[in-house]
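Here the structure is laid out as structure tokens; the discussion comes afterwards.
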Amino acid sequence: LSTSRATTPQARIYLIDRKSLEIREADEEVYATLEDIADALPENTPRYVVLSHPVTLKSGRFSTPYVLLYYMPENSNNELRMLYAGAKELMRNTAEVGKVMEVQDEDDVIAIRDALVDA
1 LSTSRATTPQ
11 ARIYLIDRKS
21 LEIREADEEV
31 YATLEDIADA
41 LPENTPRYVV
51 LSHPVTLKSG
61 RFSTPYVLLY
71 YMPENSNNEL
81 RMLYAGAKEL
91 MRNTAEVGKV
101 MEVQDEDDVI
111 AIRDALVDA
């Protein structure tokens, strides 16, 4: 993903392969809207989303934060919750994101835009 000069949102979704325990891309797609990301996330399985989203801050300054969305639906099974929680810092460090933001459902994903402006 390009970050600092991007004028449109860009995101990739990652999962943990339960057999190999490797973190890998869920698909080849680069998502361009928060709504597309929300639609692509499963209802009951955690995921990581690496997101570059340009925003105009309240100060009027343009910024393109590079964040990790830690998607943990409330109805995820405990085994997956533990697996993703244990690998969160590894994913954060590997992706070199500036911030980790936890989301639980589609509404939380779509509301990230406002959270980035307020940050």
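All the letters of the sequence shown, read from the start, carry residue numbers 1 to 119 under the UniProt record's numbering.
From the three backbone atoms N, C-alpha and C, an ideal C-beta is built for every residue, glycine too.
Local conformation of residue i per DSSP, three classes
i	result
residue 72	coil
Buried/exposed call for residue i, threshold 16 Cβ in 10 Å
i	result
residue 38	buried
residue 95	buried
residue 21	exposed
residue 116	buried
Residues of its chain near residue i, where Cβ-Cβ distance is below 7 Å and the 5 sequence neighbours each way are ignored
i	result
residue 47	13, 14, 15, 26, 41 and 71
residue 75	44
Sequence-distant residues of its chain with Cβ nearer than 6 Å to residue i (five each side left out)
i	result
residue 102	70
Cβ distance (whole Å) where residue i is taken to contact residue j below 8 Å
i	j	result
residue 68	residue 109	Actually they do not touch by this definition, with Cβ atoms about 13 Å apart.
| request: Tell me the start and end of each unbroken beta strand (DSSP E) in the UniProt domain "ADF-H" (1-119) that is at least 3 residues and wholly inside, in chain order. | output: 10-16, 23-25, 47-52, 66-71 and 99-103
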